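*Asks:* Under this note's numbering, the letters of the sequence shown match residues 36 to 303, in that order. We put the beta carbon where it would ideally sit given N, CA and C, even for glycine. All figures in this text were calculated on a predicted structure; none of them were measured in a lab. Right, I'll just put the structure down here and ask away after.
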Amino acid sequence: MCRVPRLTDDDVDTVPGAFWAPDLDLFRVLLEATAAQGDGDLAELGVLLGRSAVLIGDHLRPGEVFTVVDLFGDDSGDRATDAENDTSYPTLTQAAFERHYRRLHRDLPVVVRGLTSSLVDHAPHGTHRFVHVDASHLHHNVVADLEVSRTLLRPDGVLVLDDFRAEHTPGVAAAAWQAVGSSGLHAFAVSPQKMYATWGDPAPYLRALRSWLTAGGPPYETQQVNGRDLLLVSAPRATAAPHPARRFVPPVLVEPLARVRRRVRGLR
Numbered sequence: 036m037c038r039v040p041r042l043t044d045d046d047v048d049t050v051p052g053a054f055w056a057p058d059l060d061l062f063r064v065l066l067e068a069t070a071a072q073g074d075g076d077l078a079e080l081g082v083l084l085g086r087s088a089v090l091i092g093d094h095l096r097p098g099e100v101f102t103v104v105d106l107f108g109d110d111s112g113d114r115a116t117d118a119e120n121d122t123s124y125p126t127l128t129q130a131a132f133e134r135h136y137r138r139l140h141r142d143l144p145v146v147v148r149g150l151t152s153s154l155v156d157h158a159p160h161g162t163h164r165f166v167h168v169d170a171s172h173l174h175h176n177v178v179a180d181l182e183v184s185r186t187l188l189r190p191d192g193v194l195v196l197d198d199f200r201a202e203h204t205p206g207v208a209a210a211a212w213q214a215v216g217s218s219g220l221h222a223f224a225v226s227p228q229k230m231y232a233t234w235g236d237p238a239p240y241l242r243a244l245r246s247w248l249t250a251g252g253p254p255y256e257t258q259q260v261n262g263r264d265l266l267l268v269s270a271p272r273a274t275a276a277p278h279p280a281r282r283f284v285p286p287v288l289v290e291p292l293a294r295v296r297r298r299v300r301g302l303r
């Protein structure tokens, strides 16, 4: 019997990092959709303190293996990469990652300490249903990480690429769209932070995402890119908290008072 995923957004939010809606639910939908296609392993390249890893690990099924890789502050042997890590991740340690992960899961994933390229020496090839790349932002490293991901993924596996359109990560954007244009990678969804893609048939994942989106998910639109549908999934619209004074105002007076307030503002 498969274990039912249990982590809530609030659980994930206890781990420091940058991983929010709509990606939380995009991960959930696609982890379930890939599982529906059959058992397969999971992997993450670059873990920081484990914010996305704890959610991925929540979808690990019996017989599957979850493998993560990170330098955890070690030197890479590449001056540009080390400079990036020293600037962006000065406090990252393996102990901190494992501490956060164990707060929410009994067992750790397979933890590889080293270059992301070394993952191919520790994880099975062609068996992974879901790979999340959230490592270096330097173009040559991202190109290499995409090759690692393709080696690990099964033919219909899902690749998730972080920071593919942030203003400070042009190397990620270049590598992502180069892969779409030249390697047969099919990007089927993007969020404000991440690209979701596969080297296989994207149709099952488009169906799963549309089912979720049309049933009350965040705003989205469909565009054609490279001759295929691409879902642009927006962040959920924030709902403003009601003004504290509303609790003291009879409901029948709320709108009239709001109209008076707007008129007063217009006279200023």
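Where residue 160 and residue 53 are concerned, what is the direct C-alpha to C-alpha distance, given to the nearest angstrom?
*Replies:* 29 angstroms
*Asks:* Less than 7 angstroms separating the beta-carbons of residue 44 and residue 139?
*Replies:* no
*Asks:* Can you give the beta carbon distance from residue 100 to residue 166, rounded, assuming they're within the 8 angstroms contact cut?
*Replies:* Their Cβ separation, rounded to whole angstroms, is 12 angstroms, which puts residue 100 and residue 166 out of contact at 8 angstroms.
*Asks:* For residue 250, count neighbouring Cβ atoms within 10 angstroms of its own Cβ and tell me buried if that reaches 16, exposed if not.
*Replies:* exposed
*Asks:* Under three-state DSSP, which class holds residue 207?
*Replies:* If DSSP states are grouped into helix, strand and coil, residue 207 belongs with the helices.
*Asks:* Where does residue 233 sit, in a helix, a strand or coil, going by DSSP?
*Replies:* strand
*Asks:* Enumerated in chain order, which unbroken segments of the alpha helix (DSSP H) with a length of 4 residues or greater are wholly contained in the stretch 247-276?
*Replies:* none
*Asks:* Between the C-alpha atoms of residue 60 and residue 174, what's the straight-line distance to the nearest angstrom?
*Replies:* 28 angstroms
*Asks:* Going by the CB atoms, is the gap between residue 221 and residue 233 shorter than 7 angstroms?
*Replies:* Between residue 233 and residue 221, the C-beta gap is smaller than 7 angstroms, which places the two residues in contact.
*Asks:* To the nearest angstrom, how far is the alpha carbon of residue 148 from that of residue 87?
*Replies:* 18 angstroms
*Asks:* Taking DSSP as the reference, what is the three-state secondary structure of residue 283?
*Replies:* Reliability of the predicted coordinates at residue 283 is poor, the pLDDT of 42 falling under 50, and no value is obtained from them.
*Asks:* Under 7 angstroms, do residue 68 and residue 231 count as touching if we go by C-beta distance?
*Replies:* Against a cut-off of 7 angstroms, the Cβ pair of residue 231 and residue 68 comes out as no contact.
*Asks:* Below 8 angstroms on the Cβ atoms is my contact criterion, and I expect residue 42 with residue 90 to pass it. Report the Cβ-Cβ distance as a whole number of Å.
*Replies:* 6 angstroms
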